[in-house]
Amino acid sequence: MPSSVLPALALVLNAFVWGCAWWPFRHLEAHGVHPLWATAAIYAFALACLLAWRPQAWRALREHPGLWLLAGAAGLTNICFNWGVTQGDVVRVVMLFYLMPVWTVVLAWPLLGERPRPTALLRMALAVAGVVTILKVPGADWPVPGSLPDWLGLAGGFCFSLTNILLRRLRGVPGTGRTLAMFGGGFATAGALALAGLAAGAVPAPPAPGMAWVATALVLALCFLVGNVALQYGAARLTAQGTSLVMLSEVVFASVSSVALGASAMAPRIAVGGAMVVAAAVWSAWAPRRDGHGGG
Numbered sequence: 001m002p003s004s005v006l007p008a009l010a011l012v013l014n015a016f017v018w019g020c021a022w023w024p025f026r027h028l029e030a031h032g033v034h035p036l037w038a039t040a041a042i043y044a045f046a047l048a049c050l051l052a053w054r055p056q057a058w059r060a061l062r063e064h065p066g067l068w069l070l071a072g073a074a075g076l077t078n079i080c081f082n083w084g085v086t087q088g089d090v091v092r093v094v095m096l097f098y099l100m101p102v103w104t105v106v107l108a109w110p111l112l113g114e115r116p117r118p119t120a121l122l123r124m125a126l127a128v129a130g131v132v133t134i135l136k137v138p139g140a141d142w143p144v145p146g147s148l149p150d151w152l153g154l155a156g157g158f159c160f161s162l163t164n165i166l167l168r169r170l171r172g173v174p175g176t177g178r179t180l181a182m183f184g185g186g187f188a189t190a191g192a193l194a195l196a197g198l199a200a201g202a203v204p205a206p207p208a209p210g211m212a213w214v215a216t217a218l219v220l221a222l223c224f225l226v227g228n229v230a231l232q233y234g235a236a237r238l239t240a241q242g243t244s245l246v247m248l249s250e251v252v253f254a255s256v257s258s259v260a261l262g263a264s265a266m267a268p269r270i271a272v273g274g275a276m277v278v279a280a281a282v283w284s285a286w287a288p289r290r291d292g293h294g295g296g
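Set out below in structure tokens:
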């Protein structure tokens, strides 16, 4: 068996978990658990498991201050994605979430010193054209986000790109430290926003514990744990380009599952725009590394 098969399968497993996570989140919401409370509870469990396994992992936060920024970016990524796919059309939200070629160009220049070359700008233009196609609903004068799920999808993709860039900057930090920051960020940011929303009357209080939703939350938390381990294993053994390409299978899992279960409608406009966004992401993954740099 080629050495790249197991890492690729691990990444596919991670993509499957995220691509199908919309269903358990909607199941939880049907039982009165807002996506913010669900995200906080799931990552509280994941964080507890990590600290039980590596009790000293928290020290990395003191030794590497950059992990705090990673925690915030990863936490906002989870909030936006989980909330977006729970409230809106799953395919539409996932397509907007994967607007990574644009955000990577925007963020990599100031944070990594990578000035975009013309090919990178062309990829960005293709991705933007795809998003315009997705957002240009009949009757709308301008292709701007017209709903909360649309904004969450776009914001989640931005935070996801920031998370990936920060992971590159923090690649010298032990994996347990990075994982702790991401789990802790998911718990803290979702919990804080849920409490703020509760105080403002915008987020309902969580229901009393019940087997119907607690079991779902525990299974989803375990799936996220396994998915994170799979991501760490696969991404450490494949090239960045290979990882990016395999992770795009999340779009396939999300699209097929949501259309099959009636959570999305694959309108021609979304299909065409989504194809443009995915094409830009594939092009970005295959592009030579120097395409994103302005020097040397």
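Residue 74 in the working numbering sits at position 74 of the sequence shown; the count goes up by one each step and never skips. Built from N, CA and C at the ideal position, the CB exists for glycine as well. The structure presented is a predicted model; accordingly, all values stated were derived computationally and were not measured.
In whole angstroms, what separates the C-alpha of T119 from that of A15?
27 Å
Hey, F160 and Y43: beta-carbon distance below 8 Å or not?
no
What residue from V214, W22, L245 has the CA that sits closest to V85's CA?
W22
Are there 16 or more other CB atoms within 10 angstroms of the CB of E114, so buried, or fewer, so exposed?
buried
Closest to G210 by C-alpha separation, out of V259, L11, G32, M247, would be which residue?
G32
Status (buried if at least 16 other CB within 10 Å, exposed otherwise) for G130:
buried
Could you give the first and the last residue of the continuous alpha helix (DSSP H) run that contains H31?
First-last for H31: undefined, no H or E at that position.
Starting from the C-beta of H64, find all residues in its chain whose C-beta is less than 7 Å away, skip the five residues before and the five after it, and write them out in chain order.
L170, V173, G177
Rounded to the nearest angstrom, what separates A8 and L238 at their Cα positions?
8 Å
I'd like the list of long-range same chain contacts for L111, defined as Cβ closer than 6 Å, with 5 residues on each side in sequence excluded.
I165
Of all the alpha helix (DSSP H) runs that stay within the bounds of the stretch 44-103, which reach a length of 4 or more residues?
59-63, 66-87, 90-97
How many Å lie between L50 and L11 at the Cα?
20 Å
Tell me which residue opens and which closes the alpha helix (DSSP H) that P118 is part of.
118-135
Taking the alpha-carbon positions, what's the G294 to R123 distance?
At G294, the pLDDT of 41 sits below 50, so the modelled position is not reliable; the number obtained from the coordinates is stated separately. Approximately 16 Å, taken between the alpha carbons.
Which of the three DSSP states is assigned to R105 in this structure?
According to the sequence displayed, residue 105 carries Val and not Arg. Here V105 sits in helix by DSSP.
Mapping the DSSP letters down to three states, classify V144 as helix, strand or coil.
coil
With distances taken Cα to Cα, identify the nearest neighbour of A181 among E29, L36, W58, P24.
W58
Test item: CB-CB of L70 and T163 under 8 Å:
yes
State the Cα-Cα distance for the pair V137 and R269, rounded to the nearest angstrom.
8 Å
Which same chain residues, not among the five before or five after E250, have their C-beta less than 6 Å away from its C-beta?
A15, W18, G19
Which of helix, strand or coil DSSP assigns to M276:
helix
Between the CA atoms of P116 and W83 - distance to the nearest angstrom:
32 Å
Under the three-state DSSP convention, the category C20 falls into
coil
Looking at the secondary structure, which residues open and close the alpha helix (DSSP H) in which L248 lies?
Looking at the DSSP string, L248 is not in any alpha helix (DSSP H), and its letter there is neither H nor E.
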